[in-house]
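Counted from 1, the sequence shown has number 142 at position 142 by UniProt numbering; the numbering is strictly sequential.
Where is the CB? At the ideal position from N, CA and C, for every residue including glycine.
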Amino acid sequence: MIIVNDHPPSLPARIRELRTQRKLSQDRLAAAIGVSKSSVQNFESGKLIPQEGTAQRLDEVFGTGNEIQGRAKTAHEDLRPWLRPWAEHERRALLLRAWEPLLIPCPLQREPYMREMFAGVPANAGRVEDLVANRTARQAAIMDQHPPVTISCIITEFALRRGPRGVMKDQLGYLADIGESPSVTVRVLPDAVGGLHAGLGGPISLATLRDGRRVSYLDDQLQGKVVTSARDVGELELSWESINGLAMAADLSRDLILELLNDHK
């Protein structure tokens with residue numbers, strides 16, 4: 001059976017593809033467009049999006065019209081204005097806590113899971129790969145910190161059971177592995193927890209910054225909001241702790257994840 005990949009390459013993958021096709025080293029491309037080699041490496045890993053002038057020079061070197069310019073513009077726009085401050089907080093965090101009632105929390109999503117999730121939204125047509133690239137860049141900025149940021153996520157059993165078989169096999173395997181990291185805690189809120197609880201109000205993301213400040217991020221289908229008021233953040237932390245008290249212990253959560261993973265074999 002021949003499997004055809006109908007996903008257009010992300011912007012980072014496209015830059016790397018074009019550079020390779022033109023037989024250019026990262027050093028030579030960097031010199032040609034007037035940036036450092038590390039910038040080219042970051043363009044190709046998704047950690048940076050080329051600015052307008054740099055994107056124009058990339059198109060000139062590659063002979064691609066305005067392809068890179070258009071895709072870079074879209075990528076910049078996809079990191080919405082209300083999300084940019086939160087992305088900065090993520091990069092500066094000492095501790096990140098997340099609760100998601102319906103999805104795998106953003107810091108722990110795998111690319112196939114992101115792709116499936118973004119593709120399910122009609123407004124994302126034609127830009128799914130760039131959305132995936134932007135999110136993986138956010139994740140890399142979080143995970144590449146030294147010392148590592150401490151991450152604590154609470155996931156519902158419902159979310160662990162929701163998604164295409166192949167996508168969830170990959171995602172569950174990753175959750176089982178990352179949960180073994182000393183800096184990452186994954187806990188599951190089981191379906192057996194019934195009734196009304198604080199988590200039904202929606203997802204919560206919390207960041208404790210290295211300077212001691214605490215901020216939160218709330219999201220909906222249209223836009224998100226960064227919360228900085230100490231009183232409001234305190235209330236959200238109380239909600240998170242209430243949900244945390246209902247979740248299974250980390251070792252029992254991993255057992256459940258492995259059990260669900262085994263169902264996909």
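My understanding is that residue i touches residue j, with C-beta atoms under 8 angstroms, so please give their C-beta distance in whole angstroms.
i, j, result
"Met248", "Arg187", "6 angstroms"
"Ser152", "Ala198", "That pair is no contact at about 16 angstroms."
"Asp130", "Phe158", "29 angstroms between Cβ atoms; not a contact."
"residue 276", "Ser205", "It is not possible to answer for residue 276, since the shown part of the chain is limited to 1 through 265."
"Gln139", "Pro105", "With a Cβ gap of about 11 angstroms, Gln139 and Pro105 do not count as contacting."
"Thr169", "His89", "First, the amino acid is wrong: residue 169 is Lys here, not Thr. With 8 angstroms as the limit, Lys169 and His89 do not qualify as a contact, their Cβ atoms being about 32 angstroms apart."
"Pro203", "Pro122", "About 21 angstroms separates the two Cβ atoms, so there is no contact after all."
"Glu116", "Gly163", "6 angstroms"
Do you know offhand how far residue i's Cα is from residue j's?
i, j, result
"Arg254", "Gln21", "44 angstroms"
"residue 270", "Gly201", "In the structure displayed, the chain extends from 1 to 265; residue 270 sits before or after that span and is not available."
"Asp251", "Gly120", "32 angstroms"
"Gly53", "Arg91", "26 angstroms"
"Gly12", "Gln56", "Residue 12 is actually Pro in this sequence, not Gly. Roughly 15 angstroms between the two C-alpha positions."
"residue 272", "Trp86", "Any answer about residue 272 is impossible in this case: the structure gives the chain only from 1 up to 265."
"Pro182", "Leu246", "22 angstroms"
"Ile33", "Val193", "56 angstroms"
"Leu29", "Leu18", "11 angstroms"
"Leu196", "Val40", "50 angstroms"
"Leu103", "Thr156", "8 angstroms"
"Asn5", "Pro148", "For Asn5, the pLDDT reaches just 42, beneath the cut-off of 50, and the residue's location in the model is therefore unreliable, leaving the point undetermined."
"Ile49", "Phe43", "6 angstroms"
"Ala133", "Arg127", "10 angstroms"
"Ile142", "Gly63", "34 angstroms"
"Leu175", "Gln51", "34 angstroms"
"Leu58", "Val35", "11 angstroms"
"Leu258", "Val167", "15 angstroms"
"Val227", "Val61", "43 angstroms"
"Met1", "Glu235", "Here the model assigns Met1 a pLDDT of 33, short of 50, so the residue's position is not dependable, and the following value carries that caveat. Going by the C-alpha atoms only, they are around 54 angstroms apart."
"Gln171", "Gln109", "7 angstroms"
"Leu83", "Thr136", "15 angstroms"
"Leu256", "Leu24", "48 angstroms"
"Pro9", "Gly179", "30 angstroms"
"Asp232", "His146", "29 angstroms"
"Asp177", "Trp99", "19 angstroms"
"Gln161", "Ala125", "What sits at residue 161 in the sequence shown is Arg, not Gln. So the alpha carbons of these two residues sit roughly 25 angstroms apart."
"Met114", "Ile154", "18 angstroms"
"Thr74", "Asp144", "25 angstroms"
In the DSSP assignment, what are the bridge partners of residue i?
i, result
"Arg97", "Ser152 and Leu206"
"Val215", "Ala207"
"Thr185", "Ser152"
"Val226", "Tyr217"
Who are the Cβ neighbours of residue i in its own chain at under 6 angstroms, not counting the five residues just before and after it?
i, result
"Thr208", "Leu94, Leu95 and Arg214"
"Thr150", "Leu95 and Ser183"
"Ile15", "Phe43 and Glu44"
"Arg71", "Leu11"
"Thr185", "Ser152 and Ala250"
Kindly list the residues whose CB is nearer than 7 angstroms to the CB of residue i, restricted to its own chain and excluding five residues on each side of it in sequence; keep chain order.
i, result
"Arg97", "Ser152, Leu206 and Trp240"
"Ile3", "Note on Ile3: pLDDT 34, under 50, position unreliable in the model; the coordinate value appears next. Answer for Ile3: no residue qualifies."
"residue 284", "Since the first and last residues shown for the chain are 1 and 265, residue 284 lies out of range."
"Gly173", "Leu261"
"Glu237", "Leu206"
"Arg165", "His264"
"Asp219", "Pro203"
"Asn66", "Asp59"
Looking only at its chain, what residues have a beta carbon closer than 8 angstroms to the beta carbon of residue i, apart from the 5 residues adjacent to it on each side?
i, result
"Pro112", "Gly166, Val167, Asp170 and Gln171"
ask   = Can you give, in chain order, each stretch of the alpha helix (DSSP H) that sits fully within the UniProt domain "HTH cro/C1-type" (15-68) and has at least 4 residues?
value = Taking only runs of at least 4 residues, the alpha helix (DSSP H) segments lying wholly in the UniProt domain "HTH cro/C1-type" (15-68) are 26-33, 37-45 and 52-62.
query = Of all the alpha helix (DSSP H) runs that stay within the bounds of the segment 86-130, which reach a length of 4 or more residues?
reply = You should have 111-119.
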